[in-house]
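Those letters in the sequence shown? Residues 16 to 385, per the working numbering, in order.
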Amino acid sequence: MKARLIVADSEHDADMLYAVGMFVPDPFVYFEVGNRRYVVMNDLEIDRAKRQAKVDRVLSYTRYSRLLKRAGVAQPRLADVVNEVLREFRVTEVEVPHSFPVGLANKLRVKVAVAKAAFFPERELKSAAEIRKLADALAMAEEGMGAALQALRASKIGRDGYLHWRGQRLTSEHVRGLINATIAARGGVAAHTIVAGGNQACDPHERGHGPLRAHETIILDIFPRDMATGYWGDITRTIVRGRAREPVKRMYAVVAQAQELAYGQLRAGVDGQSVHEAIHALFKREGFTTGVKRGFQQGFFHGTGHGLGLEIHELPRVSAVKAEMKTGHVVTVEPGLYYRGIGGVRLEDVAVIGHRGCRNLTHFPKFLEI
């Protein structure tokens, strides 16, 4: 008898969350035998699992532990329980995901085969219900963006060149706190939110720190998780509080043009690599080169987009790697340009791929200056 097996918690493991549809903070056992799905739960979670888990049957961890003790195992461990469950179901071989713990795999008394591809390949193609969940998470991100822009709009441009708010210099930390608190009030969690100004914005994953200056680019990248569903939202806007310099205005216009180019090309059957290369070609034609200058990356040196779902970064990619777009894919569209001494510009929306084109799930407006 063959089975498919996952042992993980569902707060961090997207495959487990997809399988059972409920959050559990500690590792537990999920397996499929034939066409039936099972979980093995401890006493703390078993009653909730019976109500919420999307499985055919919920089994008791305690029951297996007691059986093992009667058989002479003084202190049954997780591996002992998994082996006992597999023995009871006459399983001789299991297929596990790439993330399966190696230590546990070595203790199993059955043949273990790692899945050659994604454990749930259907996760790539989002259902209408999943798209609604993604839209809800994205709405949280947009509310956070609104809170950030409200603070930036209310700030004053000081004679020292910094932004001042509520009697002190406005910092990346202040704005990030406002964003994260707004999202928390909606039932989401925003971690590693980016509020990066000036040269800090030239490192796409720099969170940002310290006082924010007027007349400089500020990249706001917000990617919360809806804790009711586990799905993620993702949005980026670039703002200048004050007056943007002409090089910044030109960068912004070309990045916006690149995003529109992507919208025009993304559809089922298109290779994401070709879209990414078209954006690179546009930037090059407009004089925005990519490479290393004075030890730093400059230009456009990250992917155009990534899949979005139960993970913030999942398949497919819109990047330098070939990836055929399919109906039901949900991807970010986030071209950017980064030049030290000028600043960084990135715009990011979320698109649903369809047969004839793509649909933008993001509603938040785009503008450069406040």
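Glycine included, C-beta positions come from ideal geometry on N, C-alpha and C.
Bear in mind the structure is a predicted one, so any value in this text is a computation, not a measurement.
Out of curiosity, what's the CA-to-CA distance linking residue i and residue j?
i    : j    : result
A206 : G358 : 24 angstroms
R85  : D58  : 19 angstroms
Y177 : L227 : 6 angstroms
G223 : F43  : 37 angstroms
A271 : L93  : 52 angstroms
F316 : M37  : 37 angstroms
E221 : G87  : 54 angstroms
F249 : A156 : The question names Phe, yet the displayed sequence has Asp at residue 249. Approximately 6 angstroms, taken between the alpha carbons.
L383 : V290 : 25 angstroms
Q288 : G302 : 21 angstroms
S187 : T347 : 24 angstroms
I146 : Q183 : 41 angstroms
M266 : G161 : 23 angstroms
L74  : D151 : 33 angstroms
Where do the ends of the alpha helix (DSSP H) carrying residue i lie?
i    : result
V109 : Looking at the DSSP string, V109 is not in any alpha helix (DSSP H); the run it does join, the beta strand (DSSP E), is 108-111.
R99  : In the sequence as presented, Arg is not what sits at residue 99; that position holds Glu. Per DSSP, E99 belongs to the alpha helix (DSSP H) from 93-103.
K84  : 76-85
K264 : 261-280
I194 : 187-200
Q67  : 61-67
K386 : Only positions 16 to 385 of the chain appear in this structure, which leaves residue 386 out of reach.
Under 8 angstroms, do residue i and residue j count as touching if we go by C-beta distance?
i    : j    : result
T305 : G314 : yes
G455 : P239 : Given that the chain is displayed from residue 16 to residue 385, the structure contains no residue 455 and the question cannot be resolved.
V129 : V109 : no
Q312 : A293 : no
V55  : V96  : yes
T253 : E349 : no
M16  : V39  : no
W247 : L323 : yes
Y360 : T377 : Per the sequence shown, the amino acid found at residue 360 is Val instead of Tyr. No, these two residues do not count as a Cβ contact at 8 angstroms.
A163 : I209 : no
L20  : F46  : yes
V345 : L149 : yes
R66  : Y53  : no
Since residue i is in the beta strand (DSSP E), which residue starts that stretch and which ends it?
i    : result
M56  : 51-56
V125 : No beta strand (DSSP E) contains V125, which DSSP labels as neither H nor E.
Q165 : Unbroken run through Q165 is the alpha helix (DSSP H), 143-169; no beta strand (DSSP E).
Q313 : 311-313
T33  : Reading off the sequence, residue 33 comes out as Tyr, not Thr. Looking at the DSSP string, Y33 is not in any beta strand (DSSP E); the run it does join, the alpha helix (DSSP H), is 29-35.
For chain B, find out if any of its Cβ atoms is closer than 8 angstroms to the Cβ of residue i; answer yes or no.
i    : result
G359 : Although the question refers to chain B, the structure presented lacks it and comprises just one protein chain.
Throw me the rounded Cβ distance for the residue i and residue j pair, which I believe falls under 8 angstroms.
i    : j    : result
P331 : E139 : 6 angstroms
Evaluate contact between the region 248-258 and the region 335-343, counting only Cβ atoms and requiring at least three cross-stretch pairs below 8 angstroms. no
Does the region 212-220 come close enough to the region 115-127 that 3 or more CB-CB pairs lie under 8 angstroms? no
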